[in-house]
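This report concerns only the one structure given below.
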Amino acid sequence: MEFRATQFSEGMLAAYSNLFRICFPGASGLTATYLKWLYADNPAGNVVGFDAWEGDELAAHYVCIPAEAVVHGVARRVLLSLNTATHPKFQGKGLFTKLAALTYERAAAEGFHAVYGVANDNSTPGFLRKLGFSLVSPLDAKIGIGNISSQYGDRQASDFSFRRIWNDDNLAWRIANPVRRYQIAPCGNALVGAWAPTGKPLLSAWAEVPADGLGKLAEGSGGGAPLFRLHLGLRPAGTRAGSMWVDIPKRFRPSPLNLIFLGLNEGSHAIEREGVELGQLDFDAF
1 MEFRATQFSE GMLAAYSNLF RICFPGASGL TATYLKWLYA DNPAGNVVGF DAWEGDELAA
61 HYVCIPAEAV VHGVARRVLL SLNTATHPKF QGKGLFTKLA ALTYERAAAE GFHAVYGVAN
121 DNSTPGFLRK LGFSLVSPLD AKIGIGNISS QYGDRQASDF SFRRIWNDDN LAWRIANPVR
181 RYQIAPCGNA LVGAWAPTGK PLLSAWAEVP ADGLGKLAEG SGGGAPLFRL HLGLRPAGTR
241 AGSMWVDIPK RFRPSPLNLI FLGLNEGSHA IEREGVELGQ LDFDAF
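According to the numbering used here, the sequence shown is numbered sequentially starting from 1.
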């Protein structure tokens, strides 16, 4: 078995798309066009990842997506753990663990501070036991009307243990997802809302980011904001959900999701749930 760094040529993107099609027959959105947007067009940088090859056959693939975030009050380069797949012929051989270890070693050498991810209940134990991640918190799942944050206030970077940093360039890239495009809508309270279809009638995925740091995008990208909204994520302690928002009962959630975190150097410590701000834009729910 040979291990190689992830590549971004047209042929390799097609090979990754084919592996996803074999491993996840229902995931029709993992096309070469989508992967080019995700892997190579990100203004924060190309993905960091590795592939396993058995001769000329792609056996497994794993990548993390570069991003900028406030971690314990300081702006850092981080990675979002995202796409992974192992061909059915090669499952049970520990390839994902090997690819992840190679990826994190390279990421640390390139100066990345930490890796974060959102994992379902089935995959979370593997990240914790085999890869050394810490469990930060299960995500909230809420449905409602209006802003999710009724109180944002004058928060400083030092108030957050984790919060993604958004500017015009990386937000414009994020909302241009070719599979599910977002619209931007000003929503007051020094916030900008971003929404996308969920596939459910009259219900849209909704996230909010600080308006500071945004230029023209803060004015909105067209289209009215939806009335009924779904939010998956975490809000910092002291940031109350609006009165028109309620928790979705667990029995109606398809799979619980968990925020996980891995520091890549000695100065990178676990993050505390009370200081985390996370929404759908910050991972790949929609």
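C-beta: ideal position from N, C-alpha, C; glycine also. Remember, predicted model here, so these are calculated numbers, not experimental data.
Query raised in the report: Which residue from Leu259, Gly233, Gly117 puts its Cα closest to that of Asp247?
Result: Reading the sequence shown from its first residue, position 247 is the one you call residue 247. Of the candidates Leu259, Gly233, Gly117, the one whose C-alpha sits nearest the C-alpha of Asp247 is Gly233.
Query raised in the report: What's the C-alpha gap between Tyr39 and Asn46?
Result: Within the sequence shown, residue 39 is the residue found at index 39, counting from 1. Within the sequence shown, residue 46 is the residue found at index 46, counting from 1. A direct Cα-to-Cα measurement between Tyr39 and Asn46 gives close to 6 Å.
Report task. Under the assumption that Ser149 contacts Glu208 (Cβ atoms under 8 Å), give the Cβ distance between them as a whole number of angstroms. Result -> Numbered from 1 along the sequence shown, position 149 holds the residue referred to as residue 149. Numbered from 1 along the sequence shown, position 208 holds the residue referred to as residue 208. With 8 Å as the limit, Ser149 and Glu208 qualify as a contact, their Cβ atoms being about 6 Å apart.
Query - Same chain, Cβ closer than 7 Å to Ser9, five either side skipped, listed in chain order - result: If you number the sequence shown from 1, residue 9 lands on position 9. Once the five neighbours on either side are set aside, Ser9 has no close Cβ partner at all.
Query raised in the report: In this structure, does DSSP put Asp282 in helix, strand or coil?
Result: Residue 282 sits at position 282 when you count from the first residue of the sequence shown. If DSSP states are grouped into helix, strand and coil, Asp282 belongs with the helices.
**Report entry** Alpha-carbon spacing of Leu295 relative to Pro25, whole angstroms
**Finding:** What is shown of the chain runs 1 to 286, which leaves residue 295 out entirely.
Query - Beta-carbon proximity of Ala59 to Met1, cut-off 8 Å - result: Residue mapping note: residue 59 aligns to position 59 of the sequence shown, counting from 1. Residue mapping note: residue 1 aligns to position 1 of the sequence shown, counting from 1. For the pair Ala59 and Met1, the CB atoms are nearer than the 8 Å cut-off.
Query raised in the report: Thr103 lies in the beta strand (DSSP E); which residues open and close that run?
Result: Here residue 103 refers to the residue found at position 103 when the sequence shown is read from its first residue. First-last for Thr103: 95-109, but that is the alpha helix (DSSP H), not the beta strand (DSSP E).
Query - Contact between the stretch 115-123 and the stretch 191-209 (3+ Cβ pairs under 8 Å) - result: With a cut-off of 8 Å, the stretch 191-209 and the stretch 115-123 do not count as touching, because too few Cβ pairs lie within range.
**Report entry** Residues near Leu82 by beta carbon distance below 7 Å, same chain, minus five either side
**Finding:** Numbered from 1 along the sequence shown, position 82 holds the residue referred to as residue 82. Excluding residues within five positions, the ones whose Cβ falls inside 7 Å are Val63, Cys64, Ile65, Asp284.
Query - Rounded distance between the beta-carbons of Ser134 and Ile260, thought under 8 Å - result: Here residue 260 refers to the residue found at position 260 when the sequence shown is read from its first residue. Here residue 134 refers to the residue found at position 134 when the sequence shown is read from its first residue. Sure, about 7 Å apart at Cβ, within 8 Å.
Report task. Report the three-state DSSP secondary structure of Tyr182 (helix, strand or coil). Result -> What you label residue 182 is simply residue 182 of the sequence shown in a count that begins at 1. The answer is coil: DSSP assigns Tyr182 none of H, G, I, E or B.
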